[in-house]
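A.B. asks:
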Amino acid sequence: MSGERRGGEFELIDWIRRVGPAEPPDGVILGIGDDCAIVDLSSEGFALVTTDMLMDGRHFRLADDGAEAVGYKAMGVNISDVAAMAGVPRFAVVAVALPRAIAVETAQGLHKGLKRMADRFEVALVGGDTNAWDGPLVVSVTLLGDTSPFGAAPRSGAKPGDVVFVTGPLGGSLFRGRHLRPEPRVKEALILAEAASPSAMIDLSDGLSSDLGHILVESGGLGAELDADAIPIHPDAVDQSQADGISPLDHALHDGEDFELCLTVEPELAAKVMASPPAGVQLHRLGVIAAEPGIRLRAADGRTWAIEPKGFDHLAGGNP
Ligand SMILES: [Mg+2]
0 MSGERRGGEF
10 ELIDWIRRVG
20 PAEPPDGVIL
30 GIGDDCAIVD
40 LSSEGFALVT
50 TDMLMDGRHF
60 RLADDGAEAV
70 GYKAMGVNIS
80 DVAAMAGVPR
90 FAVVAVALPR
100 AIAVETAQGL
110 HKGLKRMADR
120 FEVALVGGDT
130 NAWDGPLVVS
140 VTLLGDTSPF
150 GAAPRSGAKP
160 GDVVFVTGPL
170 GGSLFRGRHL
180 RPEPRVKEAL
190 ILAEAASPSA
200 MIDLSDGLSS
210 DLGHILVESG
220 GLGAELDADA
230 IPIHPDAVDQ
240 SQADGISPLD
250 HALHDGEDFE
260 LCLTVEPELA
270 AKVMASPPAG
280 VQLHRLGVIA
290 AEPGIRLRAA
300 DGRTWAIEPK
310 GFDHLAGGNP
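Residue numbers for the sequence shown follow numbering that gives the first Met the number 0, beginning at 0 and rising by one.
Set out below in structure tokens:
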């Protein structure tokens, strides 16, 4: 960066400090402005680490969505990843490549959005890196969290016979911009970790068919048999269906960025949570894990058919 740009960056850091908390948040020994932040993670569990990068034209459109919404989403998708491990999000650092012509206003808008989401989950912003260039906006958030006392829920623990659940209705997140307003299921994941000890869990960022597919592959090449009528369909998927002719069920199966949790639970525990559902969390039972690979849907009339993962592929072409 040039000297002039450096000045801009220092002013920005100064501004971020001014709008930040007067007292250092819980666990922050040294915050924004030094070479590193110093944080105190819980000594009881392990540290969770996740990072997610969002790019203009791929995950958002800056000109339409605005910088604040982008910041809100960028923080939310990372918090959702910590939720998917049944963890507690704690500290975030943010790296941004700002479009040079609108660098300062974009940085300030982004920061507002990042902060608004971080505050909802008591996440402290402890540092970052700002750059300006002639390219589009890129923002990358790295988040540290604590594992919960109930243990982490990796993708790899599903077994044949386990019951598959999701925590809310799916599909159509692009239709009204709901993908910009993730509701990370942190509290719900902790409730479920305590009540149901999920054998595997993932947050639905790429779509049910893809993300359940990740659980099946990571769990050693398993399959799933789902009841078509049990897939909870979001009203946005119904409305989008009227606009694009793709069925609401297909939207629910394949659209991404619902940020609900998909989890598998050992049969006895599943029966227990269904008999007395834990308060504060929606649970929809979709079906069961099977030994035979692939995802199969079953209609009420007994007809079955296979579905292919058709969710968001990060290395494929195309835009959101
Ligand atoms: Mg995830």
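The beta carbon of each residue, even a glycine, is placed where N, CA and C say it ideally should be.
Taking 7 Å as the cut-off, is the CB of ASP254 close to at least one heavy atom of ligand 1?
C.D. replies: For the purposes of this step, residue 254 is identified with residue 255 of the sequence shown, where counting begins at 1. No, Cβ of ASP254 sits at least 7 Å from all heavy atoms of ligand 1.
A.B. asks: What residue does the alpha helix (DSSP H) around PRO266 start on, and which one ends it?
C.D. replies: Position 267 of the sequence shown, counting from 1, holds the residue named residue 266. PRO266 -> alpha helix (DSSP H) spans 266 to 274.
A.B. asks: Where does the unbroken alpha helix (DSSP H) through ILE214 begin, and where does it stop?
C.D. replies: Numbered from 1 along the sequence shown, position 215 holds the residue referred to as residue 214. That run of the alpha helix (DSSP H) goes 207 to 217.
A.B. asks: Over the uninterrupted alpha helix (DSSP H) stretch that includes VAL122, give me the two end residues.
C.D. replies: Within the sequence shown, numbered from 1, the residue matching residue 122 stands at position 123. No alpha helix (DSSP H) holds VAL122; DSSP gives it neither H nor E.
A.B. asks: For a test of your reading of the model: does the CB of ILE201 fall under 7 Å from any non-hydrogen atom of ligand 1? Yes or no.
C.D. replies: For the purposes of this step, residue 201 is taken as residue 202 along the sequence shown, with counting starting at 1. For ILE201, the CB falls within less than 7 Å of some heavy atom of ligand 1.
A.B. asks: Taking buried to mean at least 16 other C-beta atoms within 10 Å of its own C-beta, is GLU67 buried or exposed?
C.D. replies: The residue you call residue 67 lines up with position 68 of the sequence shown. GLU67 is buried by the Cβ-count criterion.
A.B. asks: Can you pull the DSSP bridge partners for GLU224?
C.D. replies: On the sequence shown, position 225 is the one that residue 224 refers to. BP columns for GLU224 point to VAL287 and ARG295.
A.B. asks: Could you check which residue in ILE190, ALA223 and ALA192 has the C-alpha nearest to that of ALA305?
C.D. replies: Position 306 of the sequence shown, counted from the first residue, corresponds to residue 305. The residue with the shortest Cα to Cα distance from ALA305 is ALA223.
A.B. asks: With distances taken between CB atoms, is the gap from SER240 to LYS309 smaller than 8 Å?
C.D. replies: Within the sequence shown, the letter at position 241 stands for residue 240. Within the sequence shown, the letter at position 310 stands for residue 309. Using a Cβ distance threshold of 8 Å, SER240 and LYS309 do not count as a contacting pair.
A.B. asks: Kindly indicate the opening and closing residues of the beta strand (DSSP E) around LEU74.
C.D. replies: As a working note, residue 74 is residue 75 in the sequence shown. In the sequence under discussion, the amino acid at residue 74 is Met, which differs from the Leu named in the question. Careful: MET74 lies outside any beta strand (DSSP E), inside the alpha helix (DSSP H) at 66 to 83.
A.B. asks: On the DSSP bridge assignment, give the partners of THR166 in chain order.
C.D. replies: For the purposes of this step, residue 166 is identified with residue 167 of the sequence shown, where counting begins at 1. Looking at the DSSP assignment, THR166 forms no beta bridge with any residue, so it has no partner.
A.B. asks: Which residues in the same chain have their Cβ closer than 8 Å to the Cβ of PHE149, if we skip the five residues on either side of it in sequence?
C.D. replies: Working through the sequence shown from its first residue, we reach residue 149 at position 150. Answer for PHE149: ALA85, LEU189, ALA192, GLU193 and SER196, listed in chain order.
A.B. asks: Could you tell me if the beta carbon of ASP13 falls within a distance shorter than 7 Å of some heavy atom in ligand 1?
C.D. replies: For this step, residue 13 is matched to residue 14 along the sequence shown. It does not: the Cβ of ASP13 is nowhere closer than 7 Å to a heavy atom of ligand 1.
A.B. asks: Less than 8 Å between the C-beta atoms of THR146 and LEU97, yes or no?
C.D. replies: For the purposes of this step, residue 146 is taken as the residue at position 147 of the sequence shown. For the purposes of this step, residue 97 is taken as the residue at position 98 of the sequence shown. No, they are not a contact pair.
A.B. asks: Below 8 Å between beta carbons: does that hold for ALA36 and LEU53?
C.D. replies: Taking the sequence shown and counting its residues from 1, one reaches residue 36 at position 37. Taking the sequence shown and counting its residues from 1, one reaches residue 53 at position 54. Result no, Cβ atoms of ALA36 and LEU53 do not sit closer than 8 Å.
A.B. asks: Using a Cβ-Cβ cut-off of 6 Å (strictly less than) and excluding sequence neighbours within five positions of GLU217, which residues of its own chain qualify?
C.D. replies: The residue given as residue 217 occupies position 218 in the sequence shown. Around GLU217: ARG154 and SER155.
A.B. asks: Could you check what DSSP says for ARG89 in three-state terms: helix, strand or coil?
C.D. replies: Position 90 of the sequence shown, counted from the start, is the residue given in the question as residue 89. For ARG89, the secondary structure class from DSSP, reduced to helix, strand or coil, is strand.
A.B. asks: Would you check whether ligand 1 has a heavy atom nearer than 7 Å to the C-beta of ALA83?
C.D. replies: Within the sequence shown, numbered from 1, the residue matching residue 83 stands at position 84. It does: the Cβ of ALA83 is within 7 Å (strictly closer) of some heavy atom of ligand 1.
A.B. asks: Does DSSP put SER1 in a helix, a strand or coil?
C.D. replies: Here residue 1 corresponds to residue number 2 of the sequence shown, with the count starting at 1. Low local confidence applies: a pLDDT of 39 at SER1 is under 50, so the model's placement there is unreliable, with the coordinate-based value given in what follows. Shown here, SER1 sits in coil according to DSSP, grouped into three states, outside any helix or strand.
A.B. asks: Since SER143 is in the alpha helix (DSSP H), which residue starts that stretch and which ends it?
C.D. replies: Along the sequence shown, one-based indexing puts residue 143 at 144. For clarity, residue 143 is Leu in the given sequence; the question names Ser instead. Where LEU143 is concerned, there is no enclosing alpha helix (DSSP H), although the beta strand (DSSP E) it sits in stretches over 137 to 146.
A.B. asks: Three-state secondary structure (DSSP) at LEU260?
C.D. replies: Position 261 of the sequence shown, counting from 1, holds the residue named residue 260. In the structure shown, LEU260 sits in a strand (DSSP, three-state: E or B).
A.B. asks: Given 7 Å as the limit, tell me if SER208 has its C-beta closer than that to any heavy atom belonging to ligand 1.
C.D. replies: To locate residue 208, count along the sequence shown from 1; it is residue 209. Answer for SER208: no, Cβ out of range of ligand 1.
A.B. asks: Following a CB-centred definition, is SER204 positioned closer than 7 Å to any heavy atom of ligand 1?
C.D. replies: Within the sequence shown, numbered from 1, the residue matching residue 204 stands at position 205. Flag set: Cβ of SER204 near ligand 1.
A.B. asks: Using 7 Å as the cut-off, classify the Cβ of ASP133 as near or not near the heavy atoms of ligand 1, replying yes or no.
C.D. replies: Position 134 of the sequence shown, counting from 1, holds the residue named residue 133. Answer for ASP133: no, Cβ out of range of ligand 1.
A.B. asks: Would you mind stating whether ASP202 and PHE258 have Cβ atoms separated by less than 8 Å?
C.D. replies: Translated into the one-based positions of the sequence shown, residue 202 becomes position 203. Translated into the one-based positions of the sequence shown, residue 258 becomes position 259. Closer than 8 Å, so yes.
A.B. asks: Name the DSSP beta bridge partners of TRP132, please?
C.D. replies: By 1-based counting over the sequence shown, the position of residue 132 is 133. According to DSSP, which records beta bridges pairwise, TRP132 is partnered with PRO98.
A.B. asks: In chain order, what residues of the same chain lie with their CB nearer than 8 Å to the CB of VAL137, ignoring the 5 residues before and after it?
C.D. replies: Residue 137 sits at position 138 when you count from the first residue of the sequence shown. Once the five neighbours on either side are set aside, the close Cβ partners of VAL137 are MET52, LEU53, MET54, ASP55, VAL95 and ALA96.
A.B. asks: Relative to ligand 1, is the shortest distance from any of its heavy atoms to the C-beta of ASP238 smaller than 7 Å?
C.D. replies: Within the sequence shown, numbered from 1, the residue matching residue 238 stands at position 239. No, Cβ of ASP238 sits at least 7 Å from all heavy atoms of ligand 1.
A.B. asks: Nearer than 7 Å: is that true of the beta carbon of ASP80 relative to any heavy atom of ligand 1?
C.D. replies: Along the sequence shown, one-based indexing puts residue 80 at 81. Indeed, a heavy atom of ligand 1 lies less than 7 Å from the Cβ.
A.B. asks: DSSP three-state label for ILE230, please.
C.D. replies: Locating residue 230 in the sequence shown gives position 231, counting from the first residue. Here ILE230 sits in coil by DSSP.
A.B. asks: Take every Cβ of the segment 285 to 301, pair it with every Cβ of the segment 221 to 235, and state whether three or more of those distances are shorter than 8 Å.
C.D. replies: yes
A.B. asks: Looking at HIS233 and LEU169, is the spacing between their C-beta atoms short of 8 Å?
C.D. replies: As a position in the sequence shown, residue 169 is number 170, starting the count at 1. As a position in the sequence shown, residue 233 is number 234, starting the count at 1. Yes, the pair counts as a contact, with Cβ atoms nearer than the cut-off.
A.B. asks: Are ALA199 and ALA157 closer than 8 Å when you measure CB to CB?
C.D. replies: Counted from its first residue, the sequence shown places residue 199 at position 200. Counted from its first residue, the sequence shown places residue 157 at position 158. Contact flag set, yes.
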